[in-house]
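Novice: In the working numbering, the protein residues as written are 29 to 390.
Where is the CB? At the ideal position from N, CA and C, for every residue including glycine.
Got a structure for you, questions after.
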Amino acid sequence: MSRPIRAFINCAALRHNLAVVRRHVHQARIMAVIKADAYGHGLLRVARALDAVDGFAVLELEAAIQLREAGFSQPILLLEGFFSIEEIEAIDHYRLNTVIHCHEQLSMLLAHKKTGKPDIFLKINTGMNRLGFRPEEGNSVLNRLKQWRTDISITLMTHFACADDLLEADHVDQQLGNFARLEEKREGCIPRTLANSAAILRYPGTHADWVRPGIILYGASPLPDKTGIELGLQPVMTLTSRIIAVQHLDFSDRLGYGGQFVADQPMRVGVVAAGYADGYPRHAPTGTPVLVNGRRTRLIGRVSMDMLTVDLSGINEAGAGSLVTLWGEGLPVEEVARSAQTISYELLAALSPRVQTVSSIP
Ligand SMILES: *Cc1c(COP(=O)(O)O)cnc(C)c1O
Numbered sequence: 029m030s031r032p033i034r035a036f037i038n039c040a041a042l043r044h045n046l047a048v049v050r051r052h053v054h055q056a057r058i059m060a061v062i063k064a065d066a067y068g069h070g071l072l073r074v075a076r077a078l079d080a081v082d083g084f085a086v087l088e089l090e091a092a093i094q095l096r097e098a099g100f101s102q103p104i105l106l107l108e109g110f111f112s113i114e115e116i117e118a119i120d121h122y123r124l125n126t127v128i129h130c131h132e133q134l135s136m137l138l139a140h141k142k143t144g145k146p147d148i149f150l151k152i153n154t155g156m157n158r159l160g161f162r163p164e165e166g167n168s169v170l171n172r173l174k175q176w177r178t179d180i181s182i183t184l185m186t187h188f189a190c191a192d193d194l195l196e197a198d199h200v201d202q203q204l205g206n207f208a209r210l211e212e213k214r215e216g217c218i219p220r221t222l223a224n225s226a227a228i229l230r231y232p233g234t235h236a237d238w239v240r241p242g243i244i245l246y247g248a249s250p251l252p253d254k255t256g257i258e259l260g261l262q263p264v265m266t267l268t269s270r271i272i273a274v275q276h277l278d279f280s281d282r283l284g285y286g287g288q289f290v291a292d293q294p295m296r297v298g299v300v301a302a303g304y305a306d307g308y309p310r311h312a313p314t315g316t317p318v319l320v321n322g323r324r325t326r327l328i329g330r331v332s333m334d335m336l337t338v339d340l341s342g343i344n345e346a347g348a349g350s351l352v353t354l355w356g357e358g359l360p361v362e363e364v365a366r367s368a369q370t371i372s373y374e375l376l377a378a379l380s381p382r383v384q385t386v387s388s389i390p
């Protein structure tokens with residue numbers, strides 16, 4: 029048998045979560061965000077399971093081309109646009125949608141003699157201050173684009189900084205106000221996209237023409253006060269491994285690198301084939317929840333590159349070969365993330381390529 033760590037990807041859960049999104053957004057079109065190898069779940073596997081969506085969003089041109097070549101005919105959006113003028117050729121050839129977020133991109137685009145009908149997402153910075161044109165520049169940029177090509181399709185896009193945080197509702201309102209300021213001066217109706225997962229759940233008024241869910245499709249919650257399960261979502265990734273050795277600690281024995289965990293009584297310890305080189309967070313402290321044979325226990329001692337150690341007190345039947353669930357079904361990834369002082373996004377996206385993934389039949 030090979031090293032026992034596995035990531036199980038439940039394709040039925042992906043479709044269930046898509047249905048949950050659909051119920052929240054009614055008629056808005058859904059652009060599934062499958063950047064970062066679909067948040068660690070596998071680009072093509074996830075795209076196939078979510079084939080019913082209206083569009084996909086990725087970062088790299090290569091990922092977009094992979095989707096097109098696999099036969100997906102939906103709009104595919106490049107969330108950061110292109111990085112050099114050479115990429116515009118391929119965007120045209122593969123009929124991709126691109127974000128335009130800065131003057132450098134705008135100049136490159138306008139210098140290009142496109143043959144196909146361009147379809148761009150004009151990113152407006154309404155207060156996140158990461159990517160996008162200022163709202164007051166928006167209309168002049170729109171005019172330049174329309175002068176360049178009268179047949180151009182444009183969607184206005186913005187991104188919220190604080191949609192997950194109930195205490196920051198004012199910030200969302202400010203961003204909406206800035207977006208609306210651009211729209212007031214404009215003639216005609218231009219499609220809009222604003223909402224990520226958190227805004228889909230918290231701010232129905234932001235759904236507009238396209239929503240851009242990421243994390244909720246994978247069954248994890250973007251909200252600090254609720255888990256995915258509580259939102260009616262199902263976890264898509266379940267990361268499991270097995271105990272490969274058992275140690276018996278006496279009172280005052282120390283465990284692992286740094287020796288920081290000290291046994292306060294004799295105890296059994298399970299050594300699990302999972303470490304930070306697999307994507308398990310090294311900063312997860314003693315006490316982080318783990319399941320052994322489906323029973324809840326805790327991580328103890330420091331996580332090392334290829335192994336971690338768990339408390340087997342009270343789980344007498346567990347031994348070498350016992351199944352260990354690190355997150356997923358039965359143990360929300362949000363709980364592990366909180367314990368490691370990070371977010372579920374980081375844990376899922378950091379799954380190492382060395383972990384073998386197994387998908388349920390789609
Ligand atoms: C990643 C991303 C999303 C998805 O965010 P979630 O919080 O995972 O729903 C949406 N829009 C943009 C621009 C993104 O970069």
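Whose CA, out of Arg220, Asn206, Leu170, Asp198, lies closest to the CA of Leu134?
Specialist: If we check each option's Cα against that of Leu134, Leu170 comes out closest.
Novice: So which of Leu89, Met59, Gln203, Thr266 has the shortest CA-CA distance to Leu78?
Specialist: Looking at the Cα atoms, Met59 is the closest of the given residues.
Novice: Within this structure, are the beta carbons of Ala75 and Leu105 separated by less than 7 Å?
Specialist: No. Outside cutoff.
Novice: Could you tell me whether the Cβ atoms of Gly349 and Val61 are closer together than 7 Å?
Specialist: No, these two residues do not count as a Cβ contact at 7 Å.
Novice: Taking 6 Å as the cut-off, is the CB of Ser372 close to at least one heavy atom of ligand 1?
Specialist: No, Cβ of Ser372 sits at least 6 Å from all heavy atoms of ligand 1.
Novice: Where does Gln55 sit, in a helix, a strand or coil, going by DSSP?
Specialist: Coil.
Novice: Given a cut-off of 7 Å, decide if Cys39 and Ser387 are closer than it, judged by their beta-carbon atoms.
Specialist: Going by C-beta atoms, Ser387 is nearer than 7 Å to Cys39.
Novice: Can you round the beta-carbon distance between Ala64 and Leu267 to whole angstroms, since I take them to be within the 8 Å contact cut?
Specialist: 16 Å between Cβ atoms; not a contact.
Novice: Between Ile243 and ligand 1, is the CB less than 6 Å from at least one heavy atom?
Specialist: Correct: Ile243 has its Cβ closer than 6 Å to ligand 1.
Novice: Measuring only the C-alpha atoms, how far is Leu195 from Met295?
Specialist: Leu195 and Met295: Cα-Cα distance of roughly 44 Å.
Novice: Can you give me the Cβ contacts of Ala223 inside the same chain, cut-off strictly under 6 Å, excluding the 5 residues immediately before and after it?
Specialist: Cβ neighbours of Ala223 beyond the five flanking positions: Thr234, His235, Val239.
Novice: Which residue comes first and which comes last in the beta strand (DSSP E) that contains Val297?
Specialist: Counting along the chain, the beta strand (DSSP E) containing Val297 begins and ends at 295-300.
Novice: Taking its Cβ as the centre, do 16 or more other Cβ atoms sit within 10 Å of Arg330, making it buried, or is it exposed?
Specialist: When all chains shown are included, Arg330 counts as buried.
Novice: For Leu107, verify whether its CB is less than 6 Å away from any heavy atom of ligand 1.
Specialist: Yes, the beta carbon of Leu107 sits closer than 6 Å to at least one heavy atom of ligand 1.
Novice: What does a CB cutoff of less than 7 Å around Ser225 pick up in its chain, not counting 5 residues either side in sequence?
Specialist: Here the set comprises Pro241, Gly242, Ile243, Ile244, Pro250.
Novice: Note down, in chain order, each residue of its chain lying with its Cβ closer than 8 Å to the Cβ of Gly70, except the 5 sequence neighbours on either side.
Specialist: Hits under 8 Å: Ile37, Thr385, Ser387.
Novice: Identify whether Val386 lies in helix, strand or coil by the three-state DSSP scheme.
Specialist: Here Val386 sits in strand by DSSP.
Novice: Am I right that Thr353 and Leu319 are in contact with their C-beta atoms under 8 Å? What's the rounded C-beta distance?
Specialist: That pair is a contact at about 4 Å.
Novice: Go ahead and label Asn344 buried or exposed: buried means 16 or more other beta carbons lie within 10 angstroms of its beta carbon, across all protein chains shown.
Specialist: Classification for Asn344: exposed.
Novice: Can we count Pro250 as close to ligand 1, meaning its CB is less than 6 Å from some heavy atom?
Specialist: For ligand 1, at least one heavy atom lies less than 6 Å from the Cβ of Pro250.
Novice: Note down the Cα distance separating Val290 from Arg282, rounded to an integer number of angstroms.
Specialist: Taking the straight line joining both Cα atoms gives about 4 Å.
Novice: Glu164 CB to nearest chain D CB: under 7 Å?
Specialist: This model lacks chain D altogether, as it is built from one protein chain only.
Novice: I need the straight-line Cα distance from Pro381 to His187, nearest angstrom please.
Specialist: Straight-line Cα distance between these residues: approximately 30 Å.
Novice: Buried or exposed: which applies to Tyr285, given that a residue is buried once 16 or more other Cβ atoms fall within 10 Å of its Cβ?
Specialist: Answer is exposed; the Cβ neighbour count stays below 16.
Novice: Put Thr266 into one of helix, strand or coil per three-state DSSP.
Specialist: DSSP places Thr266 in strand when its eight states are reduced to three.
Novice: Return helix, strand or coil for Pro250, following the three-state DSSP convention.
Specialist: Here Pro250 sits in coil by DSSP.
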